[in-house]
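As structure tokens, the structure follows; a few thoughts come after it.
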Amino acid sequence: MPYVQRDASGAVTALFTQAGTGHQEELPHGHPDLAALAGPSEFARLDADLIRVIEDVVDVLIDRGLLRLTDLPPDAQRKLMARKGARARLRQGLNLLGPDDVI
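Below is the structure:
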């Protein structure tokens, strides 16, 4: 668990692995006061990772016949299909060497 240093208003300003002068308070990982240090880019990455997990769960449910794409609201269907299309285009764009059977 990290040790934190706070400013005069009580906001966490720094993290340390060991206690020291001015940073003797220990907080558990995941504590809300630590979230402020993660910054917007960290949250964006975490959100993107979670979105991918949700997409995978939807795919599994559809593959197992537990959900139909048409069960979802039209906006959700459109967004899922747009992301699938974008991922497919990205995958094709990354195939710089062509098919596996060409050497």
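In this note's numbering, the protein residues as written are 2 to 104.
Heads up, the beta-carbon is just placed ideally off N, CA and C, and yes, glycines get one too.
Top-ranked residue by Cα proximity to residue i, from the options
i     : options                       : result
ALA9  : PHE17, GLY23, LEU16 and GLN19 : GLY23
ARG84 : ARG7, ALA45, ALA49 and GLY21  : ALA49
THR18 : LYS80, ASP76 and MET2         : MET2
LEU30 : TYR4, ARG92 and ARG79         : For the sequence presented, residue 30 should be read as His rather than Leu. Looking at the Cα atoms, TYR4 is the closest of the given residues.
Short Cβ contact (8 Å threshold) for residue i with residue j
i     : j     : result
VAL59 : LEU68 : yes
GLN6  : ALA12 : no
LEU81 : GLU56 : yes
DSSP bridge partner residues for residue i (one or two, in chain order)
i     : result
HIS1  : Residue 1 falls outside the range modelled here, since the chain spans only 2 to 104, and no answer is possible.
VAL13 : ARG7
Residue range of the unbroken beta strand (DSSP E) whose run includes residue i
i    : result
ARG7 : 4-7
Exercise. Are the stretch 28-40 and the stretch 62-74 in contact at 8 Å, needing three or more beta carbon pairs?
Worked result: no
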